Amino acid sequence: IVLLYDIACQFGPHLQKHEYTKDLKDFIRVAVNKFHGFAHEYKCSQLWGVHQTTGVGDSDGEGCERVWALLKTIVHS
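Note that our numbering has the sequence shown beginning at 19, numbered continuously upward.
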């Protein structure tokens, strides 16, 4: 499972150190999505960037947000 998250560089280490995720550590990887990766420091980009993550392909990690933007125009809350 790969989680693409804007602040994966902070979330990843946090996820790894908690007891409640100990059984999932080998199955979950996190990465900073492409859009937000450019705003992070170079070192962060190299450690957590989506381009460094095996199995992600060419995904930019913004698919959900594109759907939300479309739904926002259709559904008014």
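Each residue gets a CB set at the ideal place from its N, CA and C atoms; glycine is no exception.
Please read all numbers here as calculations on a predicted model, not as lab measurements.
Check: Are the region 27 to 46 and the region 72 to 82 touching, with three or more C-beta to C-beta distances below 8 Å?; Outcome: no
Check: From which residue to which residue does the alpha helix (DSSP H) around residue 85 run?; Outcome: 81 to 92
Check: Just the C-alpha distance for residue 71 and residue 36, rounded to the nearest angstrom, thanks.; Outcome: 22 Å
Check: Put residue 33 into one of helix, strand or coil per three-state DSSP.; Outcome: helix
Check: Count the other CB atoms within 10 Å of the CB of residue 30; is the residue buried (16 or more) or exposed (fewer)?; Outcome: buried
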